[in-house]
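Quick note on my numbering: the sequence shown kicks off at 11 and runs consecutively. Even glycine gets a Cβ: it sits at the ideal position worked out from N, Cα and C. All of these numbers come straight from a predicted model, not from anything done at the bench. The next block holds one structure in the form of C-alpha cells; read it before the comments.
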Amino acid sequence: MWYSLSKHFGRYPSQGKVAKLLLANGLRVKDGRVFCGEIEIGDVAIARAAGVDRRIVRSAVTTIEKEEELRRVYSALRPTAMLKDVAPAMHWSCIEVIPTDAHVPGIIADVTGVIAEAGISVRQALVDDPEMVDEPRLYVITGSEVPPEMIPRIKACRGVKSILLH
Numbered sequence: 011m012w013y014s015l016s017k018h019f020g021r022y023p024s025q026g027k028v029a030k031l032l033l034a035n036g037l038r039v040k041d042g043r044v045f046c047g048e049i050e051i052g053d054v055a056i057a058r059a060a061g062v063d064r065r066i067v068r069s070a071v072t073t074i075e076k077e078e079e080l081r082r083v084y085s086a087l088r089p090t091a092m093l094k095d096v097a098p099a100m101h102w103s104c105i106e107v108i109p110t111d112a113h114v115p116g117i118i119a120d121v122t123g124v125i126a127e128a129g130i131s132v133r134q135a136l137v138d139d140p141e142m143v144d145e146p147r148l149y150v151i152t153g154s155e156v157p158p159e160m161i162p163r164i165k166a167c168r169g170v171k172s173i174l175l176h
C-alpha cells in the first residue's frame, strides 16, 4: 500500500515520513486535522514522533487532503489496539510468527487452523504490512495459554520460519 501512496510525496521526503507515520499508526486525516480515533493529535506531537518540523506536518496534511487517492485512504484509517503485551497479564498467549516470505498465502489460515484444532480461541490476529516494515510478523493472540506440544505443529505450518511466544 505504501508504495502506491508514496508517489505523492516523491519530491517531499519529509512529508512522506509524516504520511508513513500516520499510516502505520492508523491516524486519520479529516478537515485539516489528525485524529487517533476521535482524539485530535496536535502537529507538534506528530512532528516530534516523525523527527520533523511541525510545518512539515501541516504540509503533509494539506497534501493528503488535496490528493483524492490520499484523502480516500487517510480519511478512513482507524487505530487498532495491539494485545501482544497485554496477553501475559490476561493469561493468554501471543504467538509471533516470523515468515519465510510474508507474501506466501495461507500462513494465517494454517497457524489459526492448528490453534482451532486444539480448541483454543483466537482473540486477535494482526499482520505487519510487508511494504511498511522490513521484517513483517504475524501476531496471534489466543484466549488461553498455548500448550508446549502445539509449538512444533505451528512451526511446521506453511511459510513459517520461526515463532516466538510472549
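Sequence-distant residues of the same chain with beta carbon closer than 7 angstroms to residue i, five excluded per side
i	result
lysine 171	Ile108, Pro109 and Thr110
valine 62	Ser24, Lys27 and Val28
lysine 94	Cys104, Tyr149, Ile151 and His176
serine 16	Gly26
Simplified DSSP state of residue i, which is helix, strand or coil
i	result
lysine 76	helix
tyrosine 22	coil
serine 103	strand
glutamate 141	coil
threonine 122	helix
serine 69	helix
valine 83	helix
valine 150	strand
valine 96	coil
valine 28	helix
Min CB distance residue i to chain C below 9 angstroms
i	result
alanine 34	Within the model displayed, chain C is absent; a lone protein chain is all it includes.
First and last residue of the uninterrupted alpha helix (DSSP H) at residue i
i	result
tyrosine 13	12-16
threonine 90	Counting along the chain, threonine 90 falls outside any alpha helix (DSSP H), and DSSP gives it neither H nor E.
arginine 163	161-165
Contacts around residue i, its chain only, beta-carbon distance under 8 angstroms, and the 5 residues preceding and following it disregarded
i	result
valine 121	Ile105, Val107, Leu148, Val150, Ile164, Cys167 and Val170
isoleucine 173	Ile105, Glu106, Val107, Ile108, Ile161, Ile164 and Lys165
glutamate 48	none
isoleucine 117	Val107, Pro109, Leu148, Cys167, Arg168, Gly169 and Val170
serine 154	His101, Trp102, Ser103, Ile130 and Ser131
Extent of the continuous beta strand (DSSP E) to which residue i belongs
i	result
aspartate 135	According to the sequence shown, residue 135 is alanine rather than aspartate. Counting along the chain, the beta strand (DSSP E) containing alanine 135 begins and ends at 132-137.
threonine 110	Premise fails: threonine 110 is in no beta strand (DSSP E) and is neither H nor E.
Integer-rounded CB distance, given that residue j should sit under 8 angstroms from residue i
i	j	result
valine 132	threonine 152	6 angstroms
threonine 90	leucine 32	Contact doesn't hold; Cβ gap of about 14 angstroms is too wide.
arginine 38	arginine 88	7 angstroms
Residues near residue i by beta carbon distance below 6 angstroms, same chain, minus five either side
i	result
valine 54	Arg64
arginine 43	Glu50
What are the uninterrupted segments assigned as alpha helix (DSSP H) that are 4 or more residues long and contained completely in the stretch 30-54, given in chain order?
none
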